[in-house]
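To start, the structure itself, in structure tokens.
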Amino acid sequence: MTERPLHALNNANIPEEVRAVAGDPNRLRFAMIELAAQMKDTITLGRGDPDLATPPHIVAAAEHAMRAQMTAPLPIAGLPELRAEVARKLARENGLAVGAGNVIITTGGQEAVYLIMQALIDPGDEVLVPDPRYTAYDDAILGAGGRIVLVPTDHDDAFNLRAEAVEAAITPRTKALLIVTPSNPTAGIVTEERLRQIAEVAIRHNLLVISDEIYEKFTYDGWQHFSIGSLPGMADRTITLNGFSKAYAMTGWRVGYVAAPEDVIGAMARVKALTTGPAASVSQWAALAAITGPDTPTREFHAIYAERRHLLMEGLTSMGLDYSDPRGAFFLWTNSASTGIHATELAYLLLKEGRVLIFPGTAFGDNWAGYLRISVLQPTDQLREAVARMKPIVERYRL
Amino acid sequence: MSAGPGTLTRPLAARIAALPPIPAVAEAQSDAPPVTDSVIAAASAALERGETHYTDRAGVPALRKLASARLQRQFGVSVDAKDITITCGVAEARFVTLRILLTAGAVVCPDPALRSELVGVCTLIGAPLLAAPPVNGAEMRVLYLSVRDLGDDTLIGLAAAQPGTYVVLDLSAAPFDEAPGVHPALRPGLATRTVTIDGLEYQLPGWRVGWLAGSDMADKLRGFKQALTICTTSVSQWAAVEILNTHEARG
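Quick note, the sequences are listed as chains A and B, same order. Residues in the first sequence are numbered from 0 upward in steps of one, following numbering that gives the first Met the number 0. Residues in the second sequence are numbered from 0 upward in steps of one, following numbering that gives the first Met the number 0.
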């Protein structure tokens with residue numbers, strides 16, 4: 000991949016509301032969303048919110064629960080039937096040796112991250128996090144008094160995680176390693192081979208592993224998802240995070256889950272009783288229908304995302320933009336460095352002049368001013384239109 | 000956890016022991032009131048029109064406007080809808096509020112019933128929880144009130160006189176249709192230092208809808224809520240819209 004120097008961010012080209020938060024990844028993403036919301040005819044390729052509808056059988060289950068008055072508050076750790084079905088799914092599909100007592104239902108995957116860190120991290124503990132990262136993890140780690148230590152990944156390796164890079168980042172204060180596979184934002188996958196090597200490192204250094212697998216249903220081109228918690232020696236030290244938002248287009252229902260040793264689940268439940276209480280009952284009944292129902296809708300989603308992904312890949316190539324091999328999730332981690340323009344500035348120009356919302360790589364870490372994260376979460380006609388709008392802007396501003 | 004040479008088990012065991020036990024009130028309840036047909040219809044309608052995605056992180060605008068209108072009607076307090084955040088139940092409203100406000104100092108909560116509900120949160124965030132203002136120079140950072148405390152002018156006056164003190168008025172246990180006293184936000188100097196917490200714990204207990212309103216910390220409160228849960232359950236918010244709309248229509 001050709002490297003060329005990026006120009007520094009030209010503050011004259013970005014408005015104050017973006018400039019003010021350019022150094023804060025979480026606030027930068029929301030500033031871009033808010034700017035886009037003020038514009039008309041915007042094509043939103045920013046947020047990871049599937050545009051597809053929650054499948055009808057899941058909605059029907061929620062409506063049944065409402066009509067049958069099955070909406071009383073549930074136990075903090077979740078609807079027992081749902082916990083049991085999640086455990087069965089994890090055993091069957093992911094090879095995890097878990098029962099219902101190893102599962103807690105959370106108010107979305109975001110809360111799961113917060114609860115995990117509150118339960119496990121002491122002030123001063125270090126958490127290894129692959130770079131680039133979904134910076135929402137930062138709030139949870141820092142909120143528990145932890146420190147983030149970045150583990151480098153790179154484009155030529157499709158942002159796979161290397162065991163030697165993990166080991167090189169370990170210090171006497173390292174408590175845990177966070178793995179996100181398939182990855183947000185890179186769309187990379189940590190392969191089984193690498194996970195086996197990483198597991199050896201985790202065991203050797205007595206680390207906890209937090210494995211965020213929320214995009215597991217979306218892998219492409221023969222790449223397979225693998226759960227590190229299934230490996231020998233890993234059950235007692237792995238916390239697996241997953242949910243319903245992405246696989247079943249249920250982002251607004253706010254229901255996720257964590258599988259972990261029972262004492263970790265117990266600790267998380269005690270924190271959850273104080274943060275939000277139980278997840279909404281309607282959402283949990285809907286989630287039960289999702290996990291026990293047909294997988295046809297998820298396979299249909301997969302086919303749709305695969306087609307869109309291919310379309311965007313062609314579009315980016317036509318603009319002279321490279322991207323990391325998108326093996327999973329629903330993003331294209333696009334190398335925009337060939338334009339010479341800082342990603343924050345380029346993302347703003349694409350929004351202002353093309354009304355296409357894309358997140359700059361700087362919203363996923365300081366080292367990514369030469370990248371954009373583009374989601375595939377719009378219909379194909381909108382994606383074609385987005386490419387058509389982006390192309391002349393990229394050409395016009397290319398340095 | 001039994002992995003490794005034991006270094007994992009000791010810190011984790013100590014941390015678990017330090018956490019408060021799950022309050023009995025948070026366990027499964029079978030005596031929740033029935034949800035009305037109009038709420039079910041409104042929630043179903045929301046699902047049918049596709050309200051299954053993330054909402055605005057601060058909450059559905061219609062619900063925030065209704066919460067604002069409710070505060071105006073109950074107490075004559077004006078809080079712009081943009082300074083209201085919809086939360087996953089009153090629990091999240093309390094947690095977010097105390098987590099953000101308590102950068103230092105103590106929580107003073109005179110109402111013993113309410114105080115017992117705050118023990119867990121204050122333990123988790125490491126903030127002292129007191130029944131009365133400290134006398135030895137320690138800071139009263141938050142005065143946390145129930146409606147039963149609204150007649151205590153001395154206490155509210157003390158908070159008003161201390162520039163760094165915030166007042167939280169927790170309406171979650173108050174009768175829904177009553178205006179039980181003078182809101183602290185109407186006191187000179189307290190409008191920007193008062194957060195109102197409310198919710199539908201009685202009408203929609205399992206749906207998890209609450210809100211927090213007001214203060215010069217509204218942006219930070221919203222930011223932390225977003226970091227914790229992104230947004231509140233969409234269908235629950237639309238059910239709440241129906242309830243508040245019905246109450247507004249009654250006048």
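We put the CB at the ideal spot given by N, CA and C, even for glycine.
- Sequence-ordered contacts of the segment 182–209 of chain B with chain A read L203, P204, G205, W206 and R207 [C-beta pairs closer than 8 Å].
- The C-alpha of R388 (chain A) is placed about 15 Å away from the C-alpha of M312 (chain A).
- With contact defined as three or more Cβ pairs closer than 8 Å, the segment 261–281 of chain A and the segment 292–302 of chain A are not in contact.
- By the CB criterion at 8 Å, T70 (chain A) and W206 (chain B) fall inside the cutoff.
- Think of a sphere of 8 Å around the beta carbon of L95 (chain A): no beta carbon from chain B falls inside it, the nearest being about 15 Å out.
- Within 10 angstroms of the beta-carbon of S115 (chain B) lie fewer than 16 other beta-carbons, which makes it exposed.
- Under the three-state reduction of DSSP, R372 (chain A) is assigned to strand.
- In the DSSP assignment, Y256 (chain A) is bridged to A:I104 and A:N241.
- When DSSP assignments are scanned along the segment 171–229 of chain A, the uninterrupted stretches of beta strand (DSSP E) that are 3 or more residues long and fall wholly within it turn out to be 173–179 and 207–211.
- Under the 8 Å criterion on CB atoms, G107 (chain A) is classed as interfacial with respect to chain B.
- Near chain B, meaning a CB-to-CB distance below 8 Å, the residues of the segment 258–274 of chain A are P260, D262, V263, G265, A266, A268, R269, V270, A272, L273 and T274.
- Between A67 (chain A) and the set B:A40, B:R63, B:A57 and B:V166, the nearest pair of CA atoms involves B:A40.
- Nearest neighbour of I196 (chain B) by Cα position, chosen from B:P187, B:L220 and B:R186, turns out to be B:L220.
- Annotation: Cβ neighbours of Y113 (chain A) in chain B (cutoff 7 Å, chain order): L227.
- Excluding the 5 residues flanking it on each side, H204 (chain A) has same chain C-beta neighbours closer than 8 Å at E166, I169 and T173, in chain order.
- Any Cβ of chain A closer than 8 Å to the Cβ of Y53 (chain B) would place that residue at the interface, and such an atom is present.
- Annotation note: the segment 105–166 of chain B contains the following uninterrupted beta strand (DSSP E) runs of length 3 or greater, listed N- to C-terminal: 105–107 and 139–144.
- Each of B:G104, B:L144 and B:C121 was checked against the Cα of N135 (chain B), and the nearest Cα belongs to B:G104.
- Rounded to the nearest whole angstrom, the CA to CA distance from A305 (chain A) to T122 (chain B) is 48 Å.
- Judged by DSSP secondary structure, V194 (chain B) falls within the beta strand (DSSP E) whose first and last residues are T193 to G198.
- In the structure shown, F300 (chain A) falls within a helical segment according to DSSP collapsed to helix, strand and coil.
- Straight-line measurement puts the Cα of V76 (chain B) at about 31 Å from the Cα of P277 (chain A).
- Your pair G242 (chain A) and I213 (chain A) checks out as a contact, with CB atoms roughly 5 Å apart and the cut at 8 Å.
- With at least 16 other beta carbons inside 10 angstroms of its own, R326 (chain A) counts as buried.
- Excluding residues up to 5 positions away in sequence, Y247 and P296 lie with their Cβ nearer than 7 Å to the Cβ of P54 (chain A) in the same chain.
- Comparing alpha carbon positions, the residue from A:A285, A:A259 and A:G360 closest to A64 (chain A) is A:A285.
- DSSP places A212 (chain B) outside any alpha helix (DSSP H); the residue lies instead in the beta strand (DSSP E), whose first and last residues are G209 to A212.
- By the C-beta criterion, the segment 317–333 of chain A is judged to be in contact with the segment 215–225 of chain A, since at least 3 inter-stretch pairs fall below 8 Å.
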